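One structure is given below, encoded as structure tokens.
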Amino acid sequence: MGEMEQLRKEAESLKDDITAARKAVQDLTLQDHVAGTAVVGRVQLKTRKTLRGHLAKIYAMHWGTDSKLCVSASQDGKLIVWDSYSTNKVHAIPLKSSWVMTCSYAPSGNMVACGGLDNMCSIYNLKAKDGNVKVMRELAAHTGYLSCCRFLSDSEIITSSGDCTCLLWDIETGTEKTVFAGHLGDCMSLGVAPDFNTFISGACDFTAKLWDIRDGQCRQTFGGHESDINAIGFFPNGNAVITGSDDASCKLYDLRSDQELITFQDSSIMCGVTSLAPSLSGRLLLAGYDDFNCNIWDTLKAERVGVLSGHDNRVSCIGVTPDGMACCTGSWDSFLKIWN
Amino acid sequence: MASQDQGAVGVADPDDDSPNMIAYRKIEDIITRLQDETEGVPVRTVKSFLSKIPSVVTGSDIIQWMMKNLNMDDPVEAVHIGSLIAAQGYMFPISDHVLTLKDDGTFYRFQAPYFWPSNCWEPENTDYAIYLCKRTMQNKTRLELADYEAENLARLQRAFARKWEFIFMQAEAQVKIDRKKDKTERKILDSQERAFWDVHRPVPGCVNTTEMDIRKCRRLKNPQRVKKSVYGIVDDTQTQSPVHTPSQQSSKDTREDVEKEILFLNTQLDRHCMKMSKVADTLMSYTEQYLDYDPFVAVPDPSNPWIGDDVTFWELEASKDPTQQRVKKWGFSLDEALKDPVGREQFLKFLESEFSSENLLFWLAVQDLKSRPLQEVPARAQEIWQEFLAEGAPNAINLDSHSYERTSQNLKDAGRYSFEDAQDHIYKLMKSDSYPRFLRSNAYQDLLLARKKPETEQGRRTSLEKFTRTVGKSLTSKRLTGLMQSS
Chain A
1 MGEMEQLRKE AESLKDDITA ARKAVQDLTL QDHVAGTAVV GRVQLKTRKT LRGHLAKIYA
61 MHWGTDSKLC VSASQDGKLI VWDSYSTNKV HAIPLKSSWV MTCSYAPSGN MVACGGLDNM
121 CSIYNLKAKD GNVKVMRELA AHTGYLSCCR FLSDSEIITS SGDCTCLLWD IETGTEKTVF
181 AGHLGDCMSL GVAPDFNTFI SGACDFTAKL WDIRDGQCRQ TFGGHESDIN AIGFFPNGNA
241 VITGSDDASC KLYDLRSDQE LITFQDSSIM CGVTSLAPSL SGRLLLAGYD DFNCNIWDTL
301 KAERVGVLSG HDNRVSCIGV TPDGMACCTG SWDSFLKIWN
Chain B
1 MASQDQGAVG VADPDDDSPN MIAYRKIEDI ITRLQDETEG VPVRTVKSFL SKIPSVVTGS
61 DIIQWMMKNL NMDDPVEAVH IGSLIAAQGY MFPISDHVLT LKDDGTFYRF QAPYFWPSNC
121 WEPENTDYAI YLCKRTMQNK TRLELADYEA ENLARLQRAF ARKWEFIFMQ AEAQVKIDRK
181 KDKTERKILD SQERAFWDVH RPVPGCVNTT EMDIRKCRRL KNPQRVKKSV YGIVDDTQTQ
241 SPVHTPSQQS SKDTREDVEK EILFLNTQLD RHCMKMSKVA DTLMSYTEQY LDYDPFVAVP
301 DPSNPWIGDD VTFWELEASK DPTQQRVKKW GFSLDEALKD PVGREQFLKF LESEFSSENL
361 LFWLAVQDLK SRPLQEVPAR AQEIWQEFLA EGAPNAINLD SHSYERTSQN LKDAGRYSFE
421 DAQDHIYKLM KSDSYPRFLR SNAYQDLLLA RKKPETEQGR RTSLEKFTRT VGKSLTSKRL
481 TGLMQSS
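These protein sequence lines map, in sequence, to chains A and B. Reminder that position 228 of the first sequence reads as 228 in UniProt numbering, one-by-one numbering, no gaps. Reminder that position 187 of the second sequence reads as 187 in UniProt numbering, one-by-one numbering, no gaps.
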């Protein structure tokens, strides 16, 4: 017993050392540093398109790399691929399980994936020779719901689950290649780094973790949130991570200084953050909330510079196009809106 | 905000893990302040027609208070938050089932703490049936059922046909209890009870605020307990709804767990923490550099295709003729140049002119390898080795002996990441050496400054042609490369 006590003491003292090391590099806060910069002007985005077609709550959406096609998943049991510019439905894919919670568009545009309470990630081939969209693979190994999935390429996909783990899959063989275990609560969301070498996960243990895709190791852990982390994303340069939580705040963590840089919160915001996406330059942070609105933050000054209101129910997902031209919000009111 | 504990383990309070509790606590703080005797809104009894309306406050009074006490300049924001609070049922319009806040003389009342959402009510249909039933038993206009309520009652009567006698008796009992109360108190309680049901059985078309994200459902407070009845009824015939048992997390820390944690913490400690000032600098300069390219901040040129239906922007992006804006971006970093297919092509062209294109070709081949299906990886890895690294390779790259050895070892069990070291080395070489020269080159400068150049013979050939050409490069150029690299 004495040995466990000693080990635990060692762990605690290491944690103290780490906190001290982080404090030691706090020669300046971000606030001080940006004191001289002006707040970016008021940002007013308008709805340019409304994508109608889903019959129930939309839980997820993801842009394709061409910045025009996107895929959305709804509890009406459908996955819809939209040509968002014309608002036409390119594909309406009926799902085996209507309890879908996530969807993803492959960078190549050849496939989409989705999953949910069925604990599986289903991959659909959009470019089959006969023109029909069919299930290509069903990736089953998770013991909890599928909360998020993101393609690395046509060959690999990463999934996060309510079973507290993330998995890297080889799509061709349909097998799991690497397990990323370490979270103590449901993994809710994941984001892949711009260089595709690492990814981040946010979980219901209130922490975010950075994982190395190549060796499966957890490189860094970030805490500070007071409730579930529902949304996570990389800052465009890949050096920082942004999280959104049920504690009504978003936080920006820097990877190189290994700590939180800034918190985005306001006393008038009382609801949880459901989704987030940075603008192309990273100067703006768009975050969707339970109170039906989307708030736009100046990332450097941590001030609200705009609001997107127009949905009649919770905003459940948000995405900015790769070319930065527009953002899309999906809601429990069954509509997707394109803004800029 | 000062960062709190950022250790390796998250902190979760097992007693209060309902995701909505944080929001409820904030709302309840405001509600308590609103009802404060001295600092709150004026709640009073209003004389109307033939009777008195007890304990009400106007919507505008609430809005005014919120703007003053919650630091809001915009009444729209106060209405938004007020409606949020009303939708959750913490305050309600006395004459409407729809729970929103209006900035006018509409009368509102505050909800009794018994009915607060933070008590985690999940009222069963039996309770709702009892409620609707008892309303029909009392001859009061204010208790008349709305159309949708009458429909609900009819439906419940069909569904509970076999136990309707029980429900009827319960409703009668409730009516008896209610009759004993003071008239004014009853008015207030009746309205509060109605508001409770407006939250849990909302008007058709209204948002149901009790709907939970299904991912969070199974982590509700006390999911295993039998749902408590609003009217205190213990019903044995009530079936327990199936509950998802959360996957058991072994909470006991084994010695192995703690040792693993110590290992992790040691690596964390060893990592070099960059100074905040440097980090802040990078963030600022990145956003500054890209601000001109951010359509949400700077007006794009040509115009944003989403505004005005002019798709010229997208057509230009797809074309092989890059705009000056686009060419300028290639100069931000090697990554940017490589991300853009036209930038990549230009860089490759430049490298060919310097006889060092094998570096980029190797880098591209390794990138491609990483996205191949697993089954193709070993074969492809060997091909890459043969082309770029083996003795007498046609496109030999220059690697330091250490990386060379490591790569050679990796290939014994070839995988997607066998060439990571080598690729990293080559990337750094290109970044520090060829890339800056590319930016200074005439070819790049001409594009950047949009100087028109007469078409050269090389310019007319496609990238693909050049690629196949360079694969069969002669030994002469190898010597030239060697010469150039040593200079």
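Virtual Cβ for every residue (Gly too), placed ideally from N, Cα, C. None of the values given here were measured: they were computed from a predicted structure.
Count the other C-beta atoms from every protein chain shown that fall within 10 angstroms of the C-beta of residue 318/B, then say buried if there are 16 or more, exposed otherwise. Residue 318/B should be labelled exposed.
Just to confirm before moving on: does the CB-CB distance between residue 239/A and residue 256/A stay below 8 Å? Yes.
Nearest-angstrom Cα distance between residue 1/B and residue 262/A? Confidence in residue 1/B is poor, its pLDDT being 34 and thus under 50, which makes the residue's placement unreliable; the coordinate value appears in the next sentence. Each residue's alpha carbon lies about 7 Å from the other.
Does any CB atom of chain B fall closer than 8 Å to the CB of residue 81/A? No Cβ of chain B is located within less than 8 Å of the beta carbon of residue 81/A.
By the three-class DSSP mapping on this structure, what secondary structure does residue 95/B have? Residue 95/B falls in the coil class under three-state DSSP.
Straight-line CA distance for residue 154/A to residue 425/B? So the two alpha carbons sit approximately 27 Å from each other.
Assuming residue 427/A contacts residue 72/A (C-beta within less than 8 Å), just tell me the rounded distance between them. Absent from the structure is residue 427/A, since the part of chain A shown begins at 1 and ends at 340.
With a threshold of 8 Å between beta-carbons, can residue 412/B be considered close to chain A, or not? Residue 412/B does not count as touching chain A.
For residue 130/B versus residue 90/B, is the C-beta spacing smaller than 8 Å? For residue 130/B and residue 90/B, no; Cβs fall outside 8 Å.
Check the C-beta distance from residue 191/B over to residue 94/B and give it rounded, since I have them as a contact under 8 Å. Their Cβ separation, rounded to whole angstroms, is 5 Å, which keeps residue 191/B and residue 94/B in contact under 8 Å.
Taking 8 Å as the CB-CB limit, is residue 215/B close to chain A? Interface annotation, residue 215/B: in contact with chain A, CB-CB separation under 8 Å.
Please tell me whether residue 117/A and residue 145/A are closer than 8 Å, where the distance is taken between their beta carbons. The criterion of a C-beta distance shorter than 8 Å is satisfied by residue 117/A and residue 145/A.
Please tell me whether residue 340/B and residue 330/B are closer than 8 Å, where the distance is taken between their beta carbons. Yes, Cβ-Cβ distance for residue 340/B and residue 330/B is below 8 Å.
In whole angstroms, what separates the C-alpha of residue 105/B from that of residue 204/B? Answer to the nearest angstrom: the Cα atoms are 25 Å apart.
Which word fits residue 152/B, buried or exposed, when buried means at least 16 other C-beta atoms lie within 10 angstroms of its C-beta? Buried is the label assigned to residue 152/B, since at least 16 other Cβ atoms lie within 10 Å of its Cβ.
Give the range of the alpha helix (DSSP H) segment to which residue 285/B is assigned. Going by DSSP, residue 285/B is part of the alpha helix (DSSP H) stretching over 276–291.
Taking residue 335/B as the reference, give the member of 268/A, 196/A, 292/A and 254/A with the closest Cα. Cα-wise, what sits closest to residue 335/B is 196/A.
CA-CA distance, residue 258/B and residue 4/A? Between residue 258/B and residue 4/A, the C-alpha separation is close to 8 Å.
Run through the DSSP bridge pairs and tell me what residue 295/A is partnered with. Assignment of beta-bridge partners to residue 295/A by DSSP yields 287/A and 307/A.
Pairwise C-alpha distance: residue 267/B and residue 14/A: Whole-angstrom Cα-Cα distance: 10 Å.
What does the alpha-carbon distance come out to for the pair residue 184/B and residue 45/B? If I take the Cα positions, the gap works out to 10 Å.
So what does residue 234/A bridge to, in DSSP terms? Per DSSP, 241/A.
Any contact of the stretch 64–73 of chain B with the stretch 112–126 of chain B, i.e. 3+ C-beta pairs under 8 Å? Contact between the stretch 64–73 of chain B and the stretch 112–126 of chain B is absent, because fewer than three Cβ pairs lie under 8 Å.
Anything in chain A within Cβ reach of residue 201/B, meaning under 8 Å, just list it in chain order. Going along chain A, no residue has its Cβ under 8 Å from residue 201/B, so there is no contact; the nearest lies around 17 Å.
What does residue 54/A pair with, by DSSP beta-bridge criteria? According to DSSP, residue 54/A bridges with nothing at all.
For residue 248/A, which residues in chain B fall below 8 Å Cβ to Cβ? What residue 248/A touches in chain B: 22, 23 and 26.
Under 8 Å: do the stretch 267–275 of chain A and the stretch 280–293 of chain B share three or more Cβ pairs, one atom per stretch? In short, these stretches do not touch, since the Cβ pair count stays below three.
Within-8 Å CB hit, residue 158/A to chain B: With 8 Å as the cut-off, residue 158/A does not count as an interface residue toward chain B.
Check the DSSP bridge columns for residue 116/A and list the partner residues they point to. Residue pairing for residue 116/A: DSSP places it in a beta bridge opposite 100/A.
Tell me whether residue 441/B counts as near the ligand ZN, meaning its Cβ is closer than 7 Å to at least one heavy atom of that ligand. Looking at this structure, you won't find the ligand ZN or any other ligand, since it has none at all.
Any idea if residue 38/B is buried or exposed, counting beta-carbon neighbours within 10 angstroms, 16 or more meaning buried? Under a 10 Å Cβ-count criterion, residue 38/B is classified as exposed, with fewer than 16 other Cβ atoms of the shown protein chains found around its own Cβ.
What residue range does the alpha helix (DSSP H) around residue 384/B cover? 377–388 is the extent of the alpha helix (DSSP H) around residue 384/B.
Residue 293/B versus residue 346/B - alpha carbon distance: Rounded to the nearest angstrom, the two C-alpha atoms are 21 Å apart.
Leaving out five residues on either side along the sequence, give the residues of the same chain with a beta carbon under 6 Å from the beta carbon of residue 225/A. Apart from sequence neighbours up to five positions away, the residues of its chain that approach residue 225/A with a beta-carbon distance below 6 Å are 206, 245 and 247, ordered along the chain.
For residue 460/B, does the three-state DSSP call read helix, strand or coil? With a pLDDT of 49 at residue 460/B, under the threshold of 50, the modelled position of that residue is not reliable, and the figure given next carries that caveat. If DSSP states are grouped into helix, strand and coil, residue 460/B belongs with the helices.
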